[in-house]
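Protein sequence lines correspond, in order, to chains A and B. Using our numbering, the first residue of the first sequence is number 1, and each one after it goes up by one. Using our numbering, the first residue of the second sequence is number 140, and each one after it goes up by one. Where is the CB? At the ideal position from N, CA and C, for every residue including glycine. Keep in mind that this is a model prediction, so the values were computed, not measured. Since the structure comes first, as structure tokens, the remarks are kept for the end.
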Amino acid sequence: MGDAAIRLCFPARAEYLVLPRLLVAGVVRKLGFSPQEVADLELAVTEACANAVRHAYADGVGGDVEVSLRPSADRLELVVSDAGAGMTLPLPDPPPAPSPDGGMGLPLIRAVVDDLAIGNGSGGCGTIVRMTKRSHADV
Amino acid sequence: MRDSAGRDHAGALHETEFRLEEDRPRDDTAVVAVFGDVDLHSAEALDESLVAAVAGGATSLVVDLSSATFVDSQGLGVLLRHRRRLDPRGGFRLVVPRAEIRRVFEVSSLDQIFPIDASREDALASLPQGPPNDG
């Protein structure tokens, strides 16, 4: 598999969260990632996309979430972006402890990927979450 | 077509379809079995099911994730809320035999908070014992 990007664009609604999960799982299984690494990436992409679904767009306005995958032999670069309100940066460090009222998403992503960077889009509009996970499976 | 993990790609979308089944092995105990993906879309239905089980008289809950294909932070949040709300004389246990699902509890350190069993039988045996359900 080359290093060209694979893109998925979907409406920022919860019922579509299964789509980025199936896409990422399908791509990294073909790359030979281990079942645990596949599960980690399913979690990371879902949490990033769910943040966009929950926070990017005002109720009734709607918008899209874009997922971009750049696979190479031993890693996956994953970018989730929206064109919504944008996050307040910088994020608290250390992140808050797990809470039943939400806020667990970003700490979970941090725990399962090798690199995580969060920024705003051009002109401060929207949020861009960049993640990289390397595979340690024998490929 | 199945991959090395035995998952059926053709059936992947169907496999992730969320549904719940409730069983009452004892008057005071509800077992809620989760099938498919638990995420922002389905977590509310899980929440409602657990609320209904407690409203129906259950003081102990077992959430069986044996057939769950995915659990995200929304699902974890629902489970945490119900564990905290449950009568402390009862019990709250999870059944998580699959390593991929157990992983989310490990990376969130919630495996230190939730009692996790490998089978429904183990979970039921570990709950406070109430009267058997004749019905």
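- Here B:THR208 has GLU154, THR155, GLY175, ASP176 as same chain residues with Cβ atoms under 7 Å from its own Cβ, once five neighbours each way along the sequence are excluded.
- Contact with chain A is found for B:SER247, since one of that chain's Cβ atoms lies less than 8 Å from the residue's Cβ.
- What A:ARG54 touches in chain B, judged by beta-carbon distance under 8 Å, is LEU179, going in chain order.
- As computed with DSSP, A:PRO71 is found in a beta bridge with A:LEU76.
- Annotation for B:GLU161: the continuous beta strand (DSSP E) segment containing it runs 158–165.
- In the three-state reduction of the DSSP assignment, B:ASP186 falls in the helix class, which pools H, G and I.
- B:ALA194 is positioned such that its CB atom lies no closer than 8 Å to that of B:THR168.
- Assigned with DSSP and collapsed to three states, A:CYS49 falls in helix.
- Buried is the label assigned to B:GLY216, since at least 16 other Cβ atoms lie within 10 Å of its Cβ.
- Listed along the chain, the chain B residues whose CB falls inside 8 Å of the CB of A:THR132 amount to none; the nearest CB is some 17 Å away.
- The secondary-structure analysis by DSSP pairs A:CYS125 with nothing; it has no beta-bridge partner.
- A residue is called buried when at least 16 other Cβ atoms come within 10 angstroms of its Cβ; A:CYS9 does not meet this threshold and is exposed.
- If you draw a straight line from the Cα of A:LEU76 to the Cα of A:ALA25, it comes to about 11 Å.
- Put simply, of B:ALA192, B:GLU187, B:SER181 the residue whose alpha carbon is nearest the alpha carbon of B:ARG163 is B:ALA192.
- Residues of the region 108–121 of chain A with a C-beta atom less than 8 Å from some C-beta of chain B are LEU108, ALA111, VAL112, listed in chain order.
- The distance from the Cβ of B:SER199 to that of B:PRO267 is about 7 Å, consistent with a contact at the 8 Å cut-off.
- In the three-state scheme derived from DSSP, where H, G and I count as helix and E and B as strand, A:SER81 is classed as strand.
- B:ASP211 belongs to the set of residues whose beta carbon lies under 8 Å from a beta carbon in chain A.
- In the structure shown, B:LEU249 adopts helical secondary structure according to DSSP, grouped into three states.
- In terms of CA proximity to B:LEU233, B:VAL201 leads the group B:SER212, B:ALA264, B:VAL246, B:VAL201.
- In the three-state DSSP reduction, A:LEU17 falls in the coil class, being neither helix nor strand.
- Residue pairing from DSSP places A:GLU66 in a beta bridge opposite A:CYS9, A:SER81.
- In the DSSP assignment, B:GLY175 falls within the beta strand (DSSP E) that extends over 168–177.
- For B:THR155, the nearest beta carbon of chain A is closer than 8 Å to its own beta carbon.
- Nearest to A:PRO20 by alpha-carbon distance, out of A:CYS49, A:LEU116, A:TYR57, A:ARG110, is A:CYS49.
- For chain A, the residues of the region 158–187 of chain B that bring a beta carbon within less than 8 Å of one of its beta carbons are ASP176, ASP178, LEU179, HIS180, in chain order.
- Going by C-alpha positions, A:VAL67 is about 6 Å away from A:VAL79.
- A:ARG29 sits in a helix when the DSSP states are folded into three classes.
- Judged by DSSP in its simplified three-state form, B:LEU204 adopts strand.
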